[in-house]
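A.B. asks: Residue numbers (our numbering): 544 to 827. All C-beta atoms, glycine included, are put in the ideal place defined by N, C-alpha and C. Handing you a structure now.
Dropping the structure here:
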């Protein structure tokens, strides 16, 4: 059994999900294997181009739709009231479902290569209005955002009638975004970590290697436990069934308070290079 997080509208979200980014390009059977391992929280997005594949895997599982917590996201080129409505319709059609458990605005700006884009605030507000209407119509059980920092959240909250249920952000040892996390907790917004294992950039970090040895686990598993232990949802992905299963066993390790503080005090490490208000940084 996977522990649930109770969102601010009472909806239960499994704290451990399965990320599907690029998964279909690596192995078309990976999602069936994830479902067989016990994953029910499945995270996709319009950008990923695999919503139809996710929907097919859910149908072919033979399990009732209500056993799944399906999440998708509105692409940055779909921002705006009318575009958002169309984006949701497309996701529902691709997934072949009549509702989504959680739907997120993927990025707060239409193009992070244009940090001077002047109308993003109004564009976000109009997008949110569309999602609020679909939420009230029970097409979306919960609505939220992704990659929204404090100024982006403040902009939405200034006119929102529904507080976002979730903010999905990059979060892992070495990149914990404390200002955003603290703000979300103050407002009752659940935090969900994408790239919770740092995409492999952290796996040779000396502190994490030391702590992984201390707790008789791997660095990737330690990274997941680090977020999980703070009440943050995680959406790891793997193509290996044994690792899928290991990623579900996050209560088997308990990191001591002093070691949690050591991890929280790490310098910036393993950042993806993505930031909602800046041009993408690429690393060799």
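Looking at the structure shown, is residue 720 part of a helix, part of a strand, or coil, going by DSSP?
C.D. replies: Residue state for residue 720 is assigned as coil, using DSSP reduced to three classes.
A.B. asks: Using beta-carbon positions only, say whether residue 670 and residue 686 come within less than 8 Å of one another.
C.D. replies: no
A.B. asks: Is it true that the CB of residue 780 sits closer than 8 Å to the CB of residue 561?
C.D. replies: yes
A.B. asks: Does residue 787 come out as helix, strand or coil in the three-state DSSP assignment?
C.D. replies: helix
A.B. asks: To the nearest whole angstrom, what separates the beta carbons of residue 630 and residue 621, a pair I think is in contact under 8 Å?
C.D. replies: 4 Å
A.B. asks: Which word fits residue 789, buried or exposed, when buried means at least 16 other C-beta atoms lie within 10 angstroms of its C-beta?
C.D. replies: buried
A.B. asks: From 775, 699, 809, 820, pick the residue whose C-alpha is nearest to that of residue 745; which is it?
C.D. replies: When C-alpha distances from residue 745 are compared across 775, 699, 809, 820, the shortest belongs to 809.
A.B. asks: Where does residue 739 fall in DSSP's three states?
C.D. replies: coil
A.B. asks: How about residue 782 and residue 573: are their beta carbons less than 8 Å apart?
C.D. replies: yes
A.B. asks: Just to confirm, is the Cβ distance from residue 733 to residue 776 under 8 Å?
C.D. replies: Taking 8 Å as the Cβ cut-off, residue 733 and residue 776 qualify as a contacting pair.
A.B. asks: Kindly indicate the opening and closing residues of the beta strand (DSSP E) around residue 774.
C.D. replies: Per DSSP, residue 774 belongs to no beta strand (DSSP E) and is neither H nor E.
A.B. asks: When the Cα atoms are used, what is the spatial distance from residue 635 to residue 741?
C.D. replies: 30 Å
A.B. asks: For residue 730, does the three-state DSSP call read helix, strand or coil?
C.D. replies: helix
A.B. asks: To test your reading of the DSSP string, which unbroken alpha helix (DSSP H) runs of 4 or more residues are found completely within the stretch 613 to 644?
C.D. replies: Counting only runs of 4+ residues, the alpha helix (DSSP H) found wholly inside the stretch 613 to 644 occupies 624 to 638, in chain order.
A.B. asks: Assign residue 651 to one of three DSSP states: helix, strand, or coil.
C.D. replies: Correct three-state label for residue 651: coil.
A.B. asks: With distances taken from CA atoms, which of 547, 717, 819 is nearest residue 749?
C.D. replies: 717
A.B. asks: Count the other CB atoms, across all protein chains shown, that sit within 10 Å of the CB of residue 623; report buried if there are 16 or more and exposed otherwise.
C.D. replies: buried
A.B. asks: Check whether the stretch 718 to 729 touches the stretch 752 to 761, taking contact to mean three or more Cβ pairs, one atom from each stretch, closer than 8 Å.
C.D. replies: no
A.B. asks: Per the DSSP calculation, residue 561 is bridged to which residue(s)?
C.D. replies: 585
A.B. asks: Determine which residues share a DSSP beta bridge with residue 493 and list them.
C.D. replies: Past the boundaries of the shown model lies residue 493; the chain is included only from 544 to 827, so the question cannot be answered.
A.B. asks: Which whole-angstrom value describes the C-beta separation of residue 673 and residue 627, a residue pair presumed to lie in contact below a C-beta threshold of 8 Å?
C.D. replies: 4 Å
A.B. asks: Do the CB positions of residue 706 and residue 730 come within less than 8 Å of each other?
C.D. replies: yes
A.B. asks: Helix, strand or coil for residue 793, going by three-state DSSP, please let me know.
C.D. replies: coil
A.B. asks: From the DSSP output, in three-state form, read off residue 688 for me.
C.D. replies: strand
A.B. asks: Are residue 735 and residue 778 closer than 8 Å when you measure CB to CB?
C.D. replies: yes
A.B. asks: What are the partner residues of residue 646, as DSSP defines its beta bridges?
C.D. replies: 615, 686
A.B. asks: If you run the structure through DSSP and keep just helix, strand and coil, what is residue 809?
C.D. replies: coil
A.B. asks: Using alpha carbons as the reference points, say which of 601, 662, 605, 625 lies closest to residue 643.
C.D. replies: 601
A.B. asks: Over what stretch of residues does the beta strand (DSSP E) that includes residue 548 continue unbroken?
C.D. replies: 547 to 549
A.B. asks: Excluding sequence positions up to five away, which residues of its chain have a Cβ less than 7 Å from the Cβ of residue 802?
C.D. replies: 754
A.B. asks: Only counting the same chain, and skipping five residues up and downstream in sequence, which positions put a Cβ closer than 8 Å to that of residue 805?
C.D. replies: Only residues of its own chain outside the window of five on either side were considered, and among them 750, 754 have a CB closer than 8 Å to the CB of residue 805, listed in chain order.
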